[in-house]
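Residue numbers for the sequence shown follow our numbering, so the first one is 1 and each next one is one higher.
Even glycine gets a Cβ: it sits at the ideal position worked out from N, Cα and C.
The model shown is predicted, which means the values in this text are computed figures rather than measured ones.
A short write-up of the structure that comes next.
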Amino acid sequence: MAAAVQQYLAQLMNSSGSHKDLAGKYLQILGKAIPLSGAEQLEALKAFAETMVNENVSLMISRQLLTVFCTHLPNLPESTAKEIYHFALEKIQPRVISFEEQIASIRQHLASIYEKEEGW
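See the structure below:
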């Protein structure tokens, strides 16, 4: 299923349409990735994060969907969420100016995880 999510993301990234339609399709893909489990979930969510920061995806869509993405991650197992947070921060780094709000949210959630683990 993770491969299917990656395929859908690649197709959408190269498609055209209204921002509203594309955002809706990306949300559907995110909705398919969240309920997966284990390695499949991890790979699907990493692919989603990587697609959102790709320069071929509209900045308006990217910001909106990364915000939604960040709201779903705290509900995941902490080890999965932590790995995805680190991955997302790494991928967002080249475009840090464009995603300041989303980066702040990711860092805040990551700090909460480290506080629970007492990983100062």
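Reference residue i; option with closest CA among the options
i: P74; options: S58, Q64, Y114; result: Y114
i: L30; options: G17, A49, Q102; result: A49
i: S58; options: C70, E100, L12; result: L12
i: L76; options: A33, G24, A3; result: A33
i: V96; options: S112, G24, M52; result: M52
i: A47; options: D21, H109, Y85; result: Y85
i: K82; options: G17, Q28, K116; result: K116
i: L66; options: E78, S16, L27; result: L27
i: L110; options: F99, L89, A3; result: L89
Residue i, buried or exposed, once every other Cβ within 10 Å from all chains shown has been counted against 16
i: I103; result: buried
i: Q93; result: exposed
i: Q6; result: buried
i: S62; result: buried
Cβ neighbours of residue i in the same chain (closer than 7 Å, five flanking residues each side left out)
i: T122; result: The structure shown has nothing for residue 122, since the chain only spans 1 to 120.
i: K60; result: Going by the sequence as given, residue 60 is Met instead of Lys. Result list for M60: H19, in chain order.
i: F87; result: K46, A49
i: Q64; result: A23
Residues near residue i by beta carbon distance below 8 Å, same chain, minus five either side
i: M1; result: K32, L36, E40, A44
i: N14; result: N56
Same chain, Cβ closer than 6 Å to residue i, five either side skipped, listed in chain order
i: S105; result: C70
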